[in-house]
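Visitor: In our numbering, the protein residues as written are 41 to 504.
The structure is given below, and queries will be raised subsequently.
Structure below.
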């Protein structure tokens with residue numbers, strides 16, 4: 041049995057209470073990460089291959105154990121080539137440099153503005169070079185999200201670079217069905233909208249959301265950030281993201297008060313909910329990919345290079361956010377969206393993706409397994425928590441869940457605190473013994489030297 045260690049926040053089969061999921065940050069600050077890591081987990085699981093999540097741990101000290109227990113380390117990534125991710129990329133590189141097993145990167149991307157100017161990435165170029173060099177010493181090629189990232193790396197001199205998109209789009213293998221269920225959108229249509237904090241705050245997306253909310257009463261906003269989820273579940277607005285009152289996830293926003301907001305900590309519930317919607321749009325690439333995987337039409341309002349290159353590669357309907365008017369009607373986006381290229385060319389992209397896996401010695405469930413049937417059956421046998429919704433009520437059930445978890449945490453912290461006190465007491469006792477030893481040892485040494493020294497000198501004294 042081959043064992044693969046997969047970089048991910050959690051296994052797709054880990055069912056966690058919302059409180060625990062948020063506390064542990066299993067979404068790695070953005071629930072979109074689970075869309076592509078869960079897809080990678082499914083794709084790589086075969087009768088002869090077990091996939092294990094590393095829970096985002098990158099301790100260099102664990103390299104020896106990883107070399108012994110696993111046959112490959114697979115690293116699905118998103119926009120990892122960005123300044124804010126540089127420390128994490130450096131830690132990952134240090135770990136990879138200690139590994140002797142193959143290391144395969146799936147779908148890494150560079151992040152720049154919509155103009156795709158890489159000037160802001162210049163300072164971190166040594167880090168990117170070190171990472172790619174370490175990976176390519178342990179794999180045949182490195183998989184990138186699109187042509188922008190491909191050019192970024194080839195301009196540095198790397199040649200073994202392949203455009204494979206994102207593994208999330210291959211959750212269903214070579215099948216991808218997206219169809220419009222209605223000729224046009226109406227005020228009664230169920231519409232999902234999404235957007236990053238930057239797009240909402242400074243990209244003008246909040247005006248589009250406000251107008252859409254006024255005309256489509258069944259609108260739902262789907263957030264992705266950890267701060268979004270904490271605002272919904274705990275009404276926590278103390279973080280930096282919590283000050284963005286234009287976000288529908290903020291308690292002061294009308295959509296929050298009306299309960300029209302969700303954040304998901306499991307992709308399966310996310311896609312299940314989107315399956316009942318007529319349309320999805322916004323600046324979040326994986327928010328809209330979740331809709332497409334559910335068969336729901338979606339349009340991306342591309343805001344930067346990371347979203348734009350994936351839209352272009354997969355031929356996802358998109359517009360530049362900077363070019364859409366503030367009075368945009370999603371019905372216009374819906375009408376103009378053509379999903380023919382997306383679905384019609386999907387198989388070709390899938391074959392390119394599986395060819396990349398083959399080249400790097402990785403089997404996939406669609407070619408070497410049951411097409412993910414066992415994976416899906418196991419997933420459906422589990423009961424995942426529903427999407428996190430605004431905490432607008434004070435019913436007994438919601439209070440019991442939250443305060444029950446808080447009490448559990450208090451008990452755990454009390455137990456840890458008690459053990460720390462015991463350890464501190466043991467250390468203090470040990471320190472006292474050491475101090476006494478330090479005081480008495482010199483005198484004992486002097487007495488021993490006198491006791492031994494005289495006979496020794498006499499024994500060594502040459503005879504007369």
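Where a beta carbon is used, it is the ideal one built from N, C-alpha and C, also for glycine.
#1: Is residue 212 helix, strand or coil when you go by DSSP?
#2: Do residue 227 and residue 253 have their beta-carbon atoms positioned less than 8 Å apart in this structure?
#3: Sort out for me which residues DSSP pairs residue 140 with in a bridge.
#4: Grab me the residues of residue 100's own chain with a C-beta within less than 7 Å of its C-beta, minus the 5 sequence neighbours each way, in chain order.
#5: Tell me whether residue 302 is buried or exposed, calling it buried when 16 or more other Cβ atoms sit within 10 Å of its Cβ.
#6: Looking only at DSSP bridge pairs, what is residue 234 linked to?
#7: Please check the pair residue 141 and residue 112, which I expect to be a contact at CB under 8 Å, by giving their CB distance rounded to whole angstroms.
#8: Counting along the chain, where does the beta strand (DSSP E) carrying residue 341 start and finish?
#9: Going by C-alpha to C-alpha distance, which of 322, 178, 401 and 353 sits closest to residue 234?
#10: Within its chain, find whatever has a CB closer than 8 Å to the CB of residue 182; leave out the 5 residues flanking it on each side and keep chain order.
#11: Just to confirm, are residue 123 and residue 164 a CB contact at a threshold of 8 Å?
#12: Are the beta-carbon atoms of residue 412 and residue 87 separated by less than 8 Å?
#13: Would you kindly check if the distance between the Cβ of residue 213 and the Cβ of residue 354 is under 8 Å?
#14: Quick check: residue 517 and residue 169, are their CB atoms within less than 8 Å of each other?
#15: Just curious, the beta strand (DSSP E) that residue 69 is in, first and last residue?
#16: Could you check which residue in 276, 126, 73 and 318 has the C-alpha nearest to that of residue 373?
#17: Output the residue ranges of the beta strand (DSSP E) runs that lie fully inside the segment 59-130 and measure 3 residues or longer, sorted by chain position.
#18: So, are the CB atoms of residue 207 and residue 116 less than 8 Å apart?
#19: Give the secondary structure of residue 202 by DSSP, where H, G and I count as helix, E and B as strand, and everything else as coil.
#20: Counting only the same chain and skipping the five closest in sequence on each side, list residues whose C-beta sits under 6 Å from that of residue 66.
#21: Can you give me the Cβ contacts of residue 57 inside the same chain, cut-off strictly under 7 Å, excluding the 5 residues immediately before and after it?
#22: What does a CB cutoff of less than 6 Å around residue 79 pick up in its chain, not counting 5 residues either side in sequence?
#23: What residue range is occupied by the uninterrupted alpha helix (DSSP H) comprising residue 417?
#24: Quick check on residue 44: buried or exposed, where buried means 16 or more other Cβ atoms within 10 Å of its Cβ?
#25: What did DSSP end up calling residue 43 once you bin it into helix, strand or coil?
#26: Confirm the yes/no value for this check: CB of residue 215, any heavy atom of the ligand MN, distance under 7 Å.
#27: Bridge partners for residue 182 per DSSP, in chain order?
#28: From residue 62 to residue 70, what distance separates their C-alpha atoms?
#29: Could you say which of 427, 340 and 333 lies nearest to residue 386 if we only look at CA atoms?
#30: Quick check: the segment 232-247 against the segment 356-373, are at least 3 beta-carbon pairs closer than 8 Å?
#31: Which residue spans inside the segment 242-324 form an unbroken beta strand (DSSP E) run of at least 3?
#32: Which residue marks the beginning of the beta strand (DSSP E) containing residue 429, and which one marks its end?
#33: Figure out for me which residue from 327, 188, 308 and 283 has the closest Cα to the Cα of residue 415.
#34: Between which two residues does the alpha helix (DSSP H) containing residue 161 stretch?
#35: For a test of the three-state rule: what should DSSP assign to residue 359, helix, strand or coil?
#36: Just checking my contact of residue 325 with residue 305 at CB under 8 Å: how many whole Å lie between their CB atoms?
Guide: The answer reads as follows:
#1: coil
#2: no
#3: In the DSSP output, where bridge partners are listed per residue, residue 140 has none listed.
#4: 134, 135 and 138
#5: buried
#6: 322
#7: 6 Å
#8: 338-342
#9: 322
#10: 145, 148, 172, 175, 176, 193, 198, 200, 201 and 202
#11: yes
#12: no
#13: no
#14: This structure cannot speak to residue 517, because the chain is shown only from 41 to 504.
#15: Residue 69 -> no beta strand (DSSP E), and no H or E assigned at all.
#16: 318
#17: 89-93 and 112-116
#18: yes
#19: strand
#20: 49 and 50
#21: 425 and 445
#22: 207, 208 and 211
#23: 413-420
#24: buried
#25: strand
#26: No copy of the ligand MN occurs in the structure displayed, which carries no ligand at all.
#27: 201
#28: 11 Å
#29: 333
#30: yes
#31: 259-263, 301-303 and 319-322
#32: Counting along the chain, residue 429 falls outside any beta strand (DSSP E), and DSSP gives it neither H nor E.
#33: 308
#34: Per DSSP, residue 161 belongs to no alpha helix (DSSP H) and is neither H nor E.
#35: strand
#36: Residue 325 to residue 305, Cβ: 19 Å. No contact.
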